[in-house]
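Peer 1: Sharing a structure with you now.
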Amino acid sequence: MSLYKNAIERIAKIRHVSRNLLFVFSKLITFVKGNL
89 MSLYKNAIER IAKIRHVSRN LLFVFSKLIT FVKGNL
């Protein structure tokens, strides 16, 4: 049961990080487009 919980927490963490990366990436793209 604890192993299952740990897996869920790990997946949630990865999803949170990937969401932040996506946000930063989109900001970067709009910044580059604005400067071209």
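Numbering (this note's numbering), first residue to last: 89 to 124.
Quick reminder that beta carbons are idealized off the backbone N, C-alpha and C, glycines included.
Tell me the rounded alpha-carbon separation between Lys93 and Phe119.
Peer 2: Using only the alpha carbons, I get a separation of about 39 Å.
Peer 1: Go to Leu124, then tell me how far its alpha helix (DSSP H) extends in each direction, as first and last residue.
Peer 2: Taken as a continuous stretch (DSSP letters only), Leu124 belongs to no alpha helix (DSSP H), as it is neither H nor E.
Peer 1: Once you ignore the five residues that flank Ser106 on each side, which residues in its own chain have a CB closer than 6 Å to its CB?
Peer 2: Answer for Ser106: no residue qualifies.
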